[in-house]
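Below you'll find the structure, written out as structure tokens, and then a few comments.
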DNA sequence: TGACCATATAAGTATATAATGATATGGTAT
DNA sequence: ATACCATATCATTATATACTTATATGGTCA
């Protein structure tokens, strides 16, 4: 039997856990697990300022947990599957309840951004 | 195939991750995974005040991650296996490198407390 | 009992964090 | 080009956090 779990340096793991230790970011990451989202969608979902959302995403990006792709006028964020802590993140997110009603709600309000 | 991972409420998961997002506490938890430790041992290991250690342990205890047992004049801490987030914690700790050299070091210095 | 020890709590301080509003940046499209 | 839009950054503020020292608590054991 092989236990497949890449070890993560203590400092790095600490950084990741601290990032995920914020309710907003944790919820964002859970959403990104199944959906690409852009900043303005997060603003709608979390009801905090665009600035605050942007800063959260920057932190996640700085540690390499998410990546961004421009599509038309929007920048879409998604999980960075090449992160060296991707597996850790996935394991953690597996425990978090689905946040998809938040996306459903967006769609109901006609605020979901669909590209391509 | 069954994915066995008890869902954990977002708020609760956030609390746990925030707690583990501190390097000292994360390291403590990893140590506790294999060893019972008392406050004075942690003081030696982490080289911070007894007060600081005590406060970290209190936070871990408040969320139910650890439990305490008195043995003689010492209070030993251990992982609380009955915690409703025990599985999550275990999954996370699996990614953290072993901290046992710290215990070995303690033993070398004759500072390891052994009871019973 | 009383002294002693390990641990907990209190009070204070410095730093980190999450938010805001205002402004800058930079791509899109007319 | 210029207006517009989404996003990023700056400056500031309020709150949270991790630490320290000093003191309290509460077992243990002579």
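Residue numbers (the numbering used here), protein chains in the order written: chain A, 150 to 265; chain B, 150 to 265. Beta carbons: idealized from backbone N, C-alpha and C, even for Gly. In this text the structure is predicted, and so the values were computed from the model without any measurement.
First through last residue of the alpha helix (DSSP H) which encompasses residue i
i, result
"residue 165/A", "159-169"
"residue 261/B", "From DSSP, residue 261/B is part of no alpha helix (DSSP H); its letter is neither H nor E."
"residue 173/B", "172-183"
"residue 196/A", "Taken as a continuous stretch (DSSP letters only), residue 196/A belongs to no alpha helix (DSSP H), as it is neither H nor E."
Own chain, CB closer than 7 Å to residue i, minus 5 neighbours either side, in chain order
i, result
"residue 157/B", "234, 237"
"residue 164/B", "212"
Whole-angstrom C-beta distance between residue j and residue i, which should lie under 8 Å
i, j, result
"residue 160/B", "residue 172/A", "7 Å"
"residue 213/A", "residue 232/A", "5 Å"
"residue 183/A", "residue 249/A", "7 Å"
"residue 174/B", "residue 168/B", "6 Å"
"residue 239/A", "residue 240/B", "So it is not a contact: roughly 10 Å between Cβ atoms."
"residue 242/B", "residue 170/A", "15 Å between Cβ atoms; not a contact."
Buried or exposed (CB count within 10 angstroms, at least 16 for buried), residue i
i, result
"residue 179/B", "buried"
"residue 245/A", "buried"
"residue 264/A", "exposed"
"residue 257/A", "exposed"
"residue 190/B", "buried"
"residue 253/A", "exposed"
"residue 229/B", "buried"
Cβ-based neighbour list, residue i, same chain, cut-off 8 Å, excluding 5 preceding and 5 following
i, result
"residue 188/A", "199, 202, 203, 206, 223, 224, 226"
"residue 185/A", "218, 225, 226, 227"
"residue 162/B", "234, 237"
"residue 208/B", "168, 174"
Nonlocal neighbours in the same chain, by C-beta distance under 6 Å from residue i, ignoring five residues either side
i, result
"residue 194/B", "251"
The ligand NAP heavy atom lying under 8 Å from the CB of residue i
i, result
"residue 162/A", "The ligand NAP is absent from the structure shown, which contains no ligand whatsoever."
Original post:
What are the start and end residues of each continuous beta strand (DSSP E) run of 3 or more residues lying completely inside the stretch 219-251 of chain A, in chain order?
Top reply: 223-228
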